[in-house]
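**Q** Every position in the sequence shown, counted from 1, becomes a number in our numbering once 28 is added.
Using N, Cα and C, we set each Cβ at its ideal position, and we do this for glycine too.
All values reported here derive from a predicted model rather than from experimental measurement.
Below: one structure in structure tokens.
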Amino acid sequence: MTNLSRAVSNSIGAELTSVSFEIAEVSIDSVLDEGLLQDIPIIGSVVGLAKTGVAIRDRMYVQKLLKFLSEFKKISSERRDEFISSELNTDKKKDKFGETMINLIDRAENDEKLVLYAKVFEYHFMERVTYDYCIRLCQMIERAFYADLLFLLEFEDLSLESQEITSELYKNGFLSFAGVNGGNWDGEVSSEGGMLYRISSYGNNLKTILQEI
29 MTNLSRAVSN SIGAELTSVS FEIAEVSIDS VLDEGLLQDI PIIGSVVGLA
79 KTGVAIRDRM YVQKLLKFLS EFKKISSERR DEFISSELNT DKKKDKFGET
129 MINLIDRAEN DEKLVLYAKV FEYHFMERVT YDYCIRLCQM IERAFYADLL
179 FLLEFEDLSL ESQEITSELY KNGFLSFAGV NGGNWDGEVS SEGGMLYRIS
229 SYGNNLKTIL QEI
């Protein structure tokens, strides 16, 4: 895992910048069979494992890698290089970052989450959030159902709507508990109460990112 983890860190700098075409348009067969993009360390490492039979889901994982790298490539090389020199300046940090990203990419249930991961890192590169905050937010996104995340775009503080969704967003840290509405009875009609929530700082940042996509 160490070599594979470090390959992720080594893939987001100059090697990625040197790719002159749109990564997202590259076919998996071109990568696995024809050796395209294997100068990018993580691609070469994953393909090498696939050829030895270690990576059972190699085609799916390569597809996810291509999507993530295509989004990451949109971030300026200067910001990526600065990130490497400031946050990934030891082998231990490179390995930890790589291991985290390998797991996040593998567990992403759709391409939209891969886009979100890249956008979250762009926020860090723009110094809007810290590195630790960035990693935590990506892990929170990974645990949540993507459709629930989209609900942040319409969520209003203290709303009683969609209690099932807001409960899940609260569990994942995107909302903060704000109290309980016990409902009311006017003698003829009763209104249901429920849990009240406010959007958290993580929820606010993710909402802004979703609005920019």
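#1: Ends of the alpha helix (DSSP H) at Ser229?
#2: Can you find at least 3 beta carbon pairs, one from the region 147-160 and one from the region 171-189, that sit closer than 8 Å?
#3: Return the chain-ordered list of same chain residues with a C-beta closer than 7 Å to the C-beta of Ile193, the five sequence neighbours on each side being excluded.
#4: Write down the C-beta distance between Ile163 and Leu144 rounded to the nearest angstrom, noting that I regard them as a contact closer than 8 Å.
#5: Taking its Cβ as the centre, do 16 or more other Cβ atoms sit within 10 Å of Glu110, making it buried, or is it exposed?
#6: So, at 8 Å on beta carbons, what are the nonlocal neighbours of Lys120 in its own chain, with the 5 sequence-adjacent residues on each side left out?
#7: At 4 residues or longer, and completely inside the region 172-216: list those alpha helix (DSSP H) runs for me, N to C.
#8: What is the rounded straight-line gap between the Cα of Phe100 and the Cα of Gly221?
#9: When we look at the beta-carbon of Leu203 and count the other beta-carbons within 10 Å, is it buried (16 or more) or exposed?
**A** Straight from the coordinates:
#1: Ser229 to Glu240
#2: no
#3: Asp176 and Phe179
#4: Incorrect: roughly 13 Å between the Cβ atoms, too far for contact.
#5: exposed
#6: none
#7: 174-178 and 191-199
#8: 44 Å
#9: buried
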